[in-house]
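J.: Here full-length UniProt numbering is used: the sequence shown runs in plain steps of one and ends on residue 548.
Ideal placement from N, C-alpha and C gives every residue a C-beta, glycine not left out.
The structure presented is a predicted model; accordingly, all values stated were derived computationally and were not measured.
This is the structure I want to talk about, given as structure tokens.
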Amino acid sequence: METADTRQGSAPYGKACTNCVKAKCRCVVRDAGTCDRCQRLGKNCTPSTTVRTRNSRRTPSSKNSALEEKLNDIVSLLRNQTNANPARTTEAMPTPGSSELSPSDDALEDERELHLTEEELLVFREHHLPYFPLMNVPSDVTAAEVQREKPTLGLAIKTLTTKVAAKQAALGRNLREVLTQKILIDGERSLPLLLSLLVSITWSLSFTHGKPFLGVMIGLARPLISDLKLDRGPNSVRCPGSNPPHLIDNEENSIQTNAGRRAYIACFALSVIVSTTMKYDAMRWSSQLESACCILSAHSEVEGDRILVALARLSKVALEAGDVYRQVSDDPDTTVHPAFSIAPLKCSLKQTKDSLTSEQLQHSSVITYMYAAEAAIYELALLQPTTLLMHYCDHNQKRIEYLTGLLQTCKACTEHFLAFDLSRITAPLMIMFGYSVKLFYCLLTLQNRGWDTALARLTMDPIVVFERAIQHCENTNNVLKLETGEDSVFKQAAETMRATAPRWRVPAEQDTTSLHLDSLTSGIDFGVIDLPSLEFSDDFWLNGVGSF
Numbered sequence: 001m002e003t004a005d006t007r008q009g010s011a012p013y014g015k016a017c018t019n020c021v022k023a024k025c026r027c028v029v030r031d032a033g034t035c036d037r038c039q040r041l042g043k044n045c046t047p048s049t050t051v052r053t054r055n056s057r058r059t060p061s062s063k064n065s066a067l068e069e070k071l072n073d074i075v076s077l078l079r080n081q082t083n084a085n086p087a088r089t090t091e092a093m094p095t096p097g098s099s100e101l102s103p104s105d106d107a108l109e110d111e112r113e114l115h116l117t118e119e120e121l122l123v124f125r126e127h128h129l130p131y132f133p134l135m136n137v138p139s140d141v142t143a144a145e146v147q148r149e150k151p152t153l154g155l156a157i158k159t160l161t162t163k164v165a166a167k168q169a170a171l172g173r174n175l176r177e178v179l180t181q182k183i184l185i186d187g188e189r190s191l192p193l194l195l196s197l198l199v200s201i202t203w204s205l206s207f208t209h210g211k212p213f214l215g216v217m218i219g220l221a222r223p224l225i226s227d228l229k230l231d232r233g234p235n236s237v238r239c240p241g242s243n244p245p246h247l248i249d250n251e252e253n254s255i256q257t258n259a260g261r262r263a264y265i266a267c268f269a270l271s272v273i274v275s276t277t278m279k280y281d282a283m284r285w286s287s288q289l290e291s292a293c294c295i296l297s298a299h300s301e302v303e304g305d306r307i308l309v310a311l312a313r314l315s316k317v318a319l320e321a322g323d324v325y326r327q328v329s330d331d332p333d334t335t336v337h338p339a340f341s342i343a344p345l346k347c348s349l350k351q352t353k354d355s356l357t358s359e360q361l362q363h364s365s366v367i368t369y370m371y372a373a374e375a376a377i378y379e380l381a382l383l384q385p386t387t388l389l390m391h392y393c394d395h396n397q398k399r400i401e402y403l404t405g406l407l408q409t410c411k412a413c414t415e416h417f418l419a420f421d422l423s424r425i426t427a428p429l430m431i432m433f434g435y436s437v438k439l440f441y442c443l444l445t446l447q448n449r450g451w452d453t454a455l456a457r458l459t460m461d462p463i464v465v466f467e468r469a470i471q472h473c474e475n476t477n478n479v480l481k482l483e484t485g486e487d488s489v490f491k492q493a494a495e496t497m498r499a500t501a502p503r504w505r506v507p508a509e510q511d512t513t514s515l516h517l518d519s520l521t522s523g524i525d526f527g528v529i530d531l532p533s534l535e536f537s538d539d540f541w542l543n544g545v546g547s548f
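Structural data, given as structure tokens:
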């Protein structure tokens, strides 16, 4: 263990060594003249020549001189960085595949670790993409082509297919830096960039975790849809006349393809699933989205196109149920009981299911979205009435039927998750599992006339579900560890659930007999039997240190 006198503290501003400046790390100076990081990594610690200039009143000529000095400092710093590590001089040269991607983590010291391999592209194409077909990667497309033409997308695919947890976390951090730089700082707008975002959202467990990440990434993807004009048809209303030649948007014609339609539909489906479970605002259904679904169905290029359209159709029903939820939440004095909307919504869901083929209905993601739509519909029965008229409706036998339907949907969704191959898991199934357990907990603690909590407890126990999920994660980690020799992200997932599970223990029935429906009006959202201290989406799936 190091003693306190071996360190002098952080280097002053502008005095960090070249290695720490390059890695954007804090430079902790030692008495020996080296810093902690360089000694730990066995590198030559070369002090930076950058000099910080103090603010003072300058004449215009002195300002020009100061600017020249700053430029000279930057040139000197770049030269020092090159001389400090000559072995990587050639890697630092800008190339089409690497100029925008640079390692920023100790786990990625070799820039070649950022390059997509043929094996990783094959795993993405055959093992991940079929479960959420947001894009088409033809079999004749090589990893080198993806790396050269779409480097950010290549990095996203590599992050997803990496099985070692430490390396995957480093790649995820690097990808977030690239996306932030391109979208927020450089203002880049392109279809490959949008697809990179959608890959990060769809398989969020492999990138970073938690409610904030999904919300931020969806928030970044939605403006790209509009900026790329994916939500506008070829006959959309425009200003009369013609644009000047230099303002002709040639990219629009290339975007109005099946590739653009897939991205548009996938973004809508992901937005709705996040909105349903986390109560964020979702993308709206539009005539252009309807047109994209019809065209993709009629001119599908791969089997996944019809699956993607089915997800959008089911998402539309879930969105309609969410609109009722938000309307009642925003207007607690409404005279229409939300349960009255359940029957027409169920009819709409049935019509959507009837329009799907048997192959679509058997797809795992379609099953997940059916459960999401059912949960969004039946969840309306949990909303509490506030007027006398609505109190009368509350005791209707239909409401008990709807609560029972919600109970069965939650159980079916958790069983679907526990039977799924977790190495192929997508964000929709991941968050629907958590949301189902949360709703199930509400039903187990709901005290209302006609609702039998004892019978509900016989249906499913959250603690037992957690134990099975923990075992499922550990088994998946063991399989992956046989291939890599190191733990995967599922090892941490199992540990997180093991620490979280005790919070979801259902109180003894005698402890909840006094919890009548009218006494639970202080939930997070209007009328929902909710427990803020047990917000599932905030603490599940590794939402801790290192999260976005």
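#1: What are the partner residues of Cys17, as DSSP defines its beta bridges?
#2: What first and last residue would you give for the alpha helix (DSSP H) that runs through Asp305?
#3: Report yes if the CB atom of Lys15 is closer than 8 Å to the CB atom of Ser48, and no otherwise.
#4: Assuming Lys163 contacts Ser364 (C-beta within less than 8 Å), just tell me the rounded distance between them.
#5: Rounded to whole angstroms, how far is the Cβ of Ile157 from the Cβ of Val199, which I believe are closer than 8 Å?
#6: If we count the other Cβ atoms within 10 Å of its Cβ and call it buried at 16 or more, is residue 632 buried or exposed?
#7: According to DSSP, is Gln256 part of a helix, a strand, or is it coil?
#8: If you measure between the beta carbons of Pro338 and Leu383, is that distance less than 8 Å?
#9: Could you give the distance in angstroms between the alpha-carbon of Arg262 and the alpha-carbon of Arg173?
#10: Below 8 Å between beta carbons: does that hold for Leu345 and Glu320?
#11: Could you say which of Leu422, Ile400 and Ala373 lies nearest to Gly450 if we only look at CA atoms?
#12: Counting pairs of beta carbons, one from the region 139–150 and one from the region 456–475, are three or more of them closer than 8 Å?
#13: Please state whether DSSP places Cys25 in a helix, a strand or coil.
#14: From the DSSP secondary-structure annotation, give me the bridge partner or partners of Cys410.
#15: Once the 5 residues before and after Leu155 are set aside, which same chain residues still bring their CB inside 8 Å of it?
#16: Drop a sphere of 10 angstroms on the beta-carbon of Gly485, count the other beta-carbons inside from all chains shown, and report buried for 16 or more, exposed for fewer.
#17: Do Ile307 and Val216 have their beta-carbon atoms positioned less than 8 Å apart in this structure?
#18: Based on the DSSP output, what are the partners of residue 549 in its beta bridges?
#19: Tell me where the alpha helix (DSSP H) around Ile470 begins and ends.
#20: Name the two residues that bound the continuous alpha helix (DSSP H) containing Ala499.
#21: Taking the alpha-carbon of Leu122 as reference, which of Tyr131, Leu205, Val137 and Gln397 has the nearest alpha-carbon?
#22: Quick one: does Leu480 have its CB under 8 Å from some CB of chain B?
#23: DSSP state of Ala419, grouped into three classes?
#24: Taking C-beta to C-beta, are Val274 and Ser315 nearer than 8 Å?
#25: Which value, in whole angstroms, describes the spacing of the CA atoms of Cys309 and Ser300?
#26: Between the alpha carbons of Gly42 and Ala494, how many angstroms are there, rounded?
#27: Going by beta-carbon coordinates alone, are Leu429 and Thr368 separated by less than 8 Å?
#28: Go through its chain and collect everything with a Cβ distance to Leu160's Cβ below 8 Å, but skip five positions before and after it.
#29: Run through DSSP, which three-state label would Trp504 get?
#30: Which one of Leu482, Arg498 and Gly304 has the shortest CA to CA distance from Pro133?
#31: Would you report the Cα separation of Gln492 and Ser291, rounded to the nearest angstrom?
#32: Determine the DSSP secondary structure at Phe207, reduced to helix, strand or coil.
#33: Would you give the residue range spanned by the alpha helix (DSSP H) that Asp354 belongs to?
#34: With distances taken Cα to Cα, identify the nearest neighbour of Gln447 among Pro151, Pro507, Ala269 and Ala166.
#35: Taking 6 Å as the limit between beta carbons, can you name the residues of its chain near Arg313, skipping five residues before and five after?
T.: Well, looking at it:
#1: Pro47
#2: Gly304 to Asp330
#3: Yes, the pair counts as a contact, with Cβ atoms nearer than the cut-off.
#4: At roughly 21 Å, the Cβ-Cβ gap does not stay under 8 Å, so Lys163 and Ser364 are not in contact.
#5: The pair is a contact, with the Cβ atoms about 7 Å apart (cut-off 8 Å).
#6: Beyond the ends of the chain as shown, which are 1 and 548, falls residue 632; an answer cannot be given.
#7: coil
#8: yes
#9: 26 Å
#10: yes
#11: Checking every option, the nearest Cα to that of Gly450 belongs to Ile400.
#12: no
#13: Three-state result, Cys25: coil.
#14: The partner list for Cys410 (beta bridge, DSSP) is empty, contrary to what the question assumes.
#15: Leu101, Leu114, Leu116, Leu171, Asn174, Leu175, Val178 and Ser196
#16: exposed
#17: no
#18: The structure shown does not extend to residue 549, since the chain spans only 1 to 548, so no value can be given for it.
#19: Pro462 to Thr484
#20: Val489 to Thr500
#21: Val137
#22: This model lacks chain B altogether, as it is built from one protein chain only.
#23: Look at Ala419 here: in three-state DSSP terms it is coil, with no helix or strand label.
#24: no
#25: Here residue 309 is Val; the residue named in the question, Cys, does not match the sequence. Roughly 10 Å separates the two Cα atoms.
#26: 35 Å
#27: In this structure, Leu429 places its C-beta atom within 8 Å of the C-beta atom of Thr368.
#28: Phe124, His128, Val199, Trp203, Ser206 and Phe207
#29: helix
#30: By alpha-carbon distance to Pro133, the top candidate from Leu482, Arg498 and Gly304 is Gly304.
#31: 43 Å
#32: coil
#33: Ile342 to Asp354
#34: When each option's Cα is compared against that of Gln447, the closest is Pro507.
#35: Thr352
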